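Input: a single structure, listed below in structure tokens.
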Amino acid sequence: MGGSGGGDLGDQPPDSCTVASGGSAASSGACPGNEPPDCSAAAASIASLWPPNHRLEALSIAGITDPDGDPITIRVNGITSDEAQDAHGSGRTMPDCAGIGTAEPEVRVERAGPGNGRVYAIDAVALDGRGGVCRASVDVCVPHDEGGGVACLDDGQSFECRDCPPEKVCGQQCCPVGSECVDGACRLADIFVDAGALKPCLCKQTFAPNACELQPEEGPCVGGSGERVLLRFTTTTPNVGQWDLFLGNPSDNPHLFSFSTCPGHMHSHFDSFALHQLLDDAGCVVAFGGKRGFCLLGGPRFNCDFQGIGAGYADTYFRTLACQWIDVTDVPPGSYTLRVTVNFEFVLAESDYGNNAAQVPVSIPDSSAIPACPTACLPASP
Ligand SMILES: [Ca+2]
Ligand SMILES: [Ca+2]
Ligand SMILES: [Ca+2]
41 MGGSGGGDLG DQPPDSCTVA SGGSAASSGA CPGNEPPDCS AAAASIASLW
91 PPNHRLEALS IAGITDPDGD PITIRVNGIT SDEAQDAHGS GRTMPDCAGI
141 GTAEPEVRVE RAGPGNGRVY AIDAVALDGR GGVCRASVDV CVPHDEGGGV
191 ACLDDGQSFE CRDCPPEKVC GQQCCPVGSE CVDGACRLAD IFVDAGALKP
241 CLCKQTFAPN ACELQPEEGP CVGGSGERVL LRFTTTTPNV GQWDLFLGNP
291 SDNPHLFSFS TCPGHMHSHF DSFALHQLLD DAGCVVAFGG KRGFCLLGGP
341 RFNCDFQGIG AGYADTYFRT LACQWIDVTD VPPGSYTLRV TVNFEFVLAE
391 SDYGNNAAQV PVSIPDSSAI PACPTACLPA SP
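Here the numbering used here is used: the first residue of the sequence shown is 41, the next is one more, and so on.
Dropping the structure here:
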């Protein structure tokens, strides 16, 4: 499943989206339904590592809470350092970081001999399983001297720290997921959501108990079997950056993909691309979509086995696709806001994360006014 992609940007203006809250899943304030986890007190389980004997030290990220008490899943998106992994005098042991894609980052306890201490920065997200997400960046220090009273000096987090796949090697750098080495530098794309393309509509569909849409590997993207009311919409994601959004072969980033065995879906799906939320007047999330399967492709260079969105192209998930909806069966009639956020877990490096959400007003009538899919779909936005 996934977008047909390949659409040229044409006349779609890059400012046709509504900038929302930068990936935070719910607004501030008390929401009866769900609030996102709170990353404000996040810290590494060990802030300063000693002695620098080149071991890989397993850490965790502490201090993240969820206001609703939801169980939290933490995932490390990346680790950077202010020293190159093979910095002079550091032992030249590589890779110096591991655990990306897990809740347990590992960093090598070493630093450059002539340096001022090595600072690692661990970039992670916390997910509450109900569409809430927060982002944390925590520092870990390997001081140059023990007990010298000198704090680690962060000379700039210039070095991606991991077992770098060959196509990501860029001089002394390792390009982060989503970027690509061109002319000796890691180049970043910029995707956004086209609000004008969403065109939400409502229809009813009946699902058998064994339907793919009820399987966890596909979301699940309906709340149960039987007749469901679906708010369908089209997500179009243009890349307005100067460079391709580059994901490449799914096997290079296995932690970001899952393999669906549902009929017709026998390929690797990118899990964390878009978040679909329905908000009430208070900005609280009243329903969210479960769609997991994304195959990023835009432009002639990319396909499902080599994924990406070319500069000047867009990836589109049409509202007729399975799971490209929010199940609103249990949402009372009324006025709401549909919000779609791409790259909401920040797994793809981009030059701008502030334009990744778009929203449009939605009106949900009494269910007797909603027709059956797929022959009809009642427009839900003015
Ligand atoms: Ca929560
Ligand atoms: Ca330093
Ligand atoms: Ca962006």
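A virtual CB, placed ideally from N, CA and C, is assigned to each residue, including glycine.
Predicted model, so just to flag it, every value in this text is computed and none were measured.
Taking the Cα positions, threonine 356 is about 20 angstroms away from alanine 389. When beta bridges are read from the DSSP output, cysteine 181 appears opposite Ser88, Val159.
In this structure asparagine 279 is in contact with glycine 350, their Cβ atoms being roughly 7 angstroms apart against a cut-off of 8 angstroms. Residue pairing of valine 149 in beta bridges, as defined by DSSP: absent, with no partner found. Using a cutoff of 8 angstroms, the CB of asparagine 396 counts as near ligand 3, since one of the ligand's heavy atoms is closer than that.
Look at which beta carbons fall closer than 7 angstroms to any heavy atom of ligand 2; those residues are Asp122, Glu123, Gly155, Asn156, Gly157, Arg158, Val159, Cys192, Leu193, Asp194, Asp195.
Judged by DSSP in its simplified three-state form, serine 312 adopts coil rather than helix or strand.
Between the region 102 to 112 and the region 68 to 88 there are three or more C-beta pairs closer than 8 angstroms, enough to call the two in contact. The alpha carbon of alanine 138 has as its nearest neighbour, out of Cys243, Val116, Asp168, the alpha carbon of Val116. Boundaries of the beta strand (DSSP E) harbouring tryptophan 365: 365 to 367, taken from the DSSP string. With three or more CB-CB distances shorter than 8 angstroms, the region 237 to 249 counts as touching the region 263 to 274.
Nearest C-alpha to proline 92 among Asp168, His184, Ala83: His184.
DSSP places tyrosine 376 in the uninterrupted beta strand (DSSP E) bounded by 374 to 382. For the 9 angstroms CB-CB criterion, serine 298 and serine 308 form a contact. When distances are taken from the beta-carbon of tyrosine 393 to the heavy atoms of ligand 3, the shortest one is below 8 angstroms. These are the residues, in chain order, with a beta carbon less than 7 angstroms from any non-hydrogen atom of ligand 1: Asn74, Glu75, Pro76, Pro77, Asp106, Pro107, Asp108, Asp110, Asp168, Arg170, Gly172. By the neighbour-count criterion, in which a residue is buried when 16 or more other Cβ atoms sit within 10 angstroms of its Cβ, tryptophan 283 is buried. Taken through DSSP and simplified to helix, strand or coil, aspartate 292 comes out as helix. Beta-carbon to beta-carbon, proline 76 and valine 173 are separated by about 6 angstroms, close enough to satisfy the 8 angstroms threshold. CA-CA distance, arginine 148 to arginine 332, rounds to 33 angstroms. DSSP, read as helix, strand or coil, puts serine 100 in coil. Using a cutoff of 8 angstroms, the CB of phenylalanine 232 counts as near ligand 3, since one of the ligand's heavy atoms is closer than that. Set against 8 angstroms, the gap from the CB of asparagine 117 to the closest heavy atom of ligand 3 is not smaller. Here serine 312 is buried. Its C-beta has 16 or more other C-beta atoms within 10 Å. Spatial neighbours of valine 262 in its own chain (CB-CB distance under 7 angstroms, excluding positions within 5 residues in sequence) are listed in chain order as Phe247, Glu253, Leu254, Arg268, Asp367. In the three-state DSSP reduction, cysteine 344 falls in the coil class, being neither helix nor strand. Taking a cut-off of 8 angstroms on C-beta distances, the region 336 to 350 does not touch the region 392 to 409, as fewer than three cross pairs fall below it.
Of the residues Asp126, Asp78, Leu319, the one whose Cα lies closest to the Cα of cysteine 204 is Asp126. Here DSSP, grouped into helix, strand and coil, assigns cysteine 221 to strand. Collapsing the DSSP output to three states places glycine 236 in a helix. Between alanine 98 and isoleucine 162, the C-beta gap is not smaller than 9 angstroms, which leaves the two residues out of contact.
With 16 or more other Cβ atoms inside 10 Å of its own Cβ, aspartate 122 counts as buried. Taken through DSSP and simplified to helix, strand or coil, proline 256 comes out as helix. Here DSSP, grouped into helix, strand and coil, assigns lysine 331 to coil. Annotation for asparagine 343 indicates a beta carbon at 8 angstroms or more from all heavy atoms of ligand 3. Taking the Cα of cysteine 413 as reference, the smallest distance to any Cα among Arg359, Pro154, Cys201, Pro294 is reached at Arg359.
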